[in-house]
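One structure is given below, encoded as structure tokens.
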Amino acid sequence: MPPCLCLPATHSLPSSNLLISTRHRFRLPKPPNASSQISLNSPLSNQTSPPQPKTTGVIVIGGGLAGLAAATRLQADNVPFLLLEASDGVGGRVRSDVVDGYILDRGFQIFITGYPEARKILDYDALDLRKFYSGAQVYYGGRFNTVADPLRHFSDSLQSLTNPIGTVVDKLLIGLTRLKVLTQGDDEILNAEEVTTIDLLKKIGFSDAILERFFRPFFGGIFFDRELETTSRLFNFIFKCLALGDNTLPAKGIAAIPEQLAAKLPSNSILLNSPVVSVDSESNSSSRIRVKLLNGEIFESEFGIILAVEEPEAVKLLAGEKTAEVRQPVRSTVCLYFSADQDKVPVRDPVLLLNGTDKGIINNMFFATNVAPSYAPAGKALVSVSLVGLYGDVADEDLVDQVVKELSGWFGQSVVGSWSYLRMYRIGFAQPNQCPPTNLTKNPKIKPGLYICGDYVTSATFDGALVSGKKAAEALLQDRALVTV
Ligand SMILES: Cc1cc2nc3c(=O)[nH]c(=O)nc-3n(C[C@H](O)[C@H](O)[C@H](O)COP(=O)(O)OP(=O)(O)OC[C@H]3O[C@@H](n4cnc5c(N)ncnc54)[C@H](O)[C@@H]3O)c2cc1C
74 MPPCLCLPAT HSLPSSNLLI STRHRFRLPK PPNASSQISL NSPLSNQTSP
124 PQPKTTGVIV IGGGLAGLAA ATRLQADNVP FLLLEASDGV GGRVRSDVVD
174 GYILDRGFQI FITGYPEARK ILDYDALDLR KFYSGAQVYY GGRFNTVADP
224 LRHFSDSLQS LTNPIGTVVD KLLIGLTRLK VLTQGDDEIL NAEEVTTIDL
274 LKKIGFSDAI LERFFRPFFG GIFFDRELET TSRLFNFIFK CLALGDNTLP
324 AKGIAAIPEQ LAAKLPSNSI LLNSPVVSVD SESNSSSRIR VKLLNGEIFE
374 SEFGIILAVE EPEAVKLLAG EKTAEVRQPV RSTVCLYFSA DQDKVPVRDP
424 VLLLNGTDKG IINNMFFATN VAPSYAPAGK ALVSVSLVGL YGDVADEDLV
474 DQVVKELSGW FGQSVVGSWS YLRMYRIGFA QPNQCPPTNL TKNPKIKPGL
524 YICGDYVTSA TFDGALVSGK KAAEALLQDR ALVTV
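Take 74 as the starting number for the sequence shown in this note's numbering and just add one per residue.
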């Protein structure tokens, strides 16, 4: 079993990739100092002697979905491990804050129940998943127009056949594209010939109307890439998952997903507030790779290291190894939250609203409480608005003003004027760049004893992160002959 480590008391430690703004002042996070908060059965408390490494089976660095999936796989084979996480909680990019009774996911995220690995590893019932309407409402021509999944909302889809969000042929082509992806295996999709998503959609024959009014805001919002230059492999994978499952949110917030995984691991196997500053991959003894924490503590692994950090951090920590550079531009987003009185909510459906015009900065929005009422206190509603890109040169106040003005054009000034701004999340690294050429099934092994996982190793999705974590753990177990997989 791992050494006896107690979880440190949590304190606010937003990642450098995430900026949170409200109208209120925030206390700056305290610098992480794990050693002051960990009780250790080790001689480290002696300040005069050089730090002695603490040994464990496997060290997993990073507690996002990939790291948690790797740890889950190790635990399944009773292999001891220690997960070192830099921030004050697990989840990585999949976290939520509770502010005055509102659940604020750190950026708008949707959990698609059709994700194949997620189905295997997560307990959906316990997540109490709340469904979105299968389709969207597209703001175009001064009104909202329905795009509906014909298999789930047949009469809506019939009524929407002649709306301006695309031609009747477009709507048939959506059905044919769906049939095509459903006949393909996931590995086949992820390794298929690739072009950009926009080129694929044009080749299928979609009209400019549906490309501009539906595909750009819908898939542009998923990829944080309105140009749709992201690989067709990712488009086909997500299109298939959307066909197989529902778009949902856990009632307790998106963070319930990683928290469910973490809760099944031994509590003393996760060490929070523990940023790793170096991985001693130069070590000759590949079976004893060491890692050093920001506070100077050193951990040594008996079987190997699984590096489950986001791509830019992995490139930094593996500086001595041959790793690819971070491809640019990385994908960024801003998510703004507003509170409203329930009677000031102009839309009652649990539906995603898309900006189908070529004007304004809003890409998509929804009333989170229409999907999961638990996202706000009784009588209140939570409004979530997403932008594609970071808008780094626009001050928070200006961004809020711009969004409020745009929403007022959609719903009326008297409605939107009654809402209160809650918080903004600017997420610099939301997803890696996955434009062609891509390799969505990368080998997790850097060398014996050192493995990588994360969404940049597979597909930039929850599922990609989960699969990559499992595969990294299996590669380690196989190399160390700890298990036959
Ligand atoms: C706003 C937003 C919306 C998204 N929407 C969706 C969606 O709807 N559907 C979907 O499928 N995907 C979505 N994604 C993508 C998805 O969240 C990611 O692909 C996935 O969560 C990545 O998981 P990961 O474990 O690879 O990386 P991360 O979640 O980034 O985890 C890496 C972890 O490593 C830790 N770490 C970093 N450096 C160190 C260090 N030096 N020492 C120790 N720990 C370290 C970090 O703190 C972090 O916890 C979205 C992402 C964002 C940001």
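Quick reminder that beta carbons are idealized off the backbone N, C-alpha and C, glycines included.
Since we're looking at a predicted model, the values are computed, not measured.
The beta-carbon separation of residue 338 and residue 148, rounded to 6 Å, stays under the 8 Å limit for a contact. Shown here, residue 504 sits in a strand according to DSSP, grouped into three states. Looking at 379, 546, 469 and 419, the one whose alpha-carbon comes closest to that of residue 481 is 419. Here the distance from the Cβ of residue 528 to the nearest heavy atom of ligand 1 is below 7 Å. About 3 Å separates the CB atoms of residue 381 and residue 140; that is less than 8 Å, so the two are in contact. Within the same chain, Cβ atoms closer than 7 Å to the Cβ of residue 277 are found at 246 and 250, the five residues on either side in sequence being excluded.
If you draw a straight line from the Cα of residue 341 to the Cα of residue 155, it is about 8 Å long.
Residue 143 and residue 333 have their C-alpha atoms roughly 14 Å apart. If you check the C-beta of residue 500 against ligand 1, you find a heavy atom less than 7 Å away. Secondary structure note for residue 254: it is in no beta strand (DSSP E), and the uninterrupted alpha helix (DSSP H) holding it is 241-255. Of the other Cβ atoms in all chains shown, 16 or more fall within 10 Å of the Cβ of residue 244; this residue is therefore buried. Measuring C-alpha to C-alpha distances from residue 400 to each of 350, 318 and 508 identifies 508 as the nearest. Residue 289 sits in a helix when the DSSP states are folded into three classes. Distance check between residue 513 and each of 267, 493 and 287 places 267 closest, using alpha-carbon atoms only. Across the structure, residue 174 and residue 227 are spaced so that their CA atoms are roughly 37 Å apart.
The DSSP assignment places complete beta strand (DSSP E) segments of no fewer than 3 residues inside the segment 156-229 at 169-172, 175-178, 202-204, 208-213 and 216-221, in order along the chain. If you check the C-beta of residue 139 against ligand 1, you find a heavy atom less than 7 Å away. In the displayed model, residue 127 falls within a strand according to three-state DSSP. Scanning its chain for C-beta atoms nearer than 7 Å, with the 5 sequence neighbours on each side dropped, one finds around residue 484 the residues 419, in chain order. Per the C-alpha coordinates, the member of 386, 353 and 451 positioned closest to residue 520 is 353. Close CB contacts of residue 436 within its chain, under the 8 Å cut and outside five residues either way in sequence, are with 290, 293, 294, 299, 427, 428, 459, 460 and 461 (chain order). Here residue 336 is exposed. Its C-beta has fewer than 16 other C-beta atoms within 10 Å.
Excluding the 5 residues flanking it on each side, residue 202 has same chain C-beta neighbours closer than 8 Å at 184, 186, 319, 321, 322, 323 and 324, in chain order. At least one heavy atom of ligand 1 lies less than 7 Å from the C-beta of residue 534. Less than 8 Å separates the beta-carbon of residue 225 from that of residue 207. DSSP, reduced to helix, strand and coil, places residue 418 outside both helices and strands of the structure shown, so it counts as coil.
A distance criterion of 7 Å places the beta-carbon of residue 491 beyond contact range of ligand 1, judged by its closest non-hydrogen atom. In the three-state reduction of the DSSP assignment, residue 377 falls in the strand class, which pools E and B. Taking non-hydrogen atoms of ligand 1 into account, the C-beta of residue 166 is found less than 7 Å away from one of them. Within the segment 462-488, the runs of alpha helix (DSSP H) at least 4 residues long that lie entirely inside it are, in chain order, 469-484. The three-state secondary structure of residue 323, taken from DSSP, is strand. The bridge partners DSSP lists for residue 413 are 454. Judged by beta-carbon spacing, residue 200 lies beyond the 8 Å limit of residue 362, meaning their Cβ atoms are not closer than that value. Between ligand 1 and residue 183, a heavy atom-to-CB distance of less than 7 Å is present. Annotation for residue 309: the continuous alpha helix (DSSP H) segment containing it runs 305-317.
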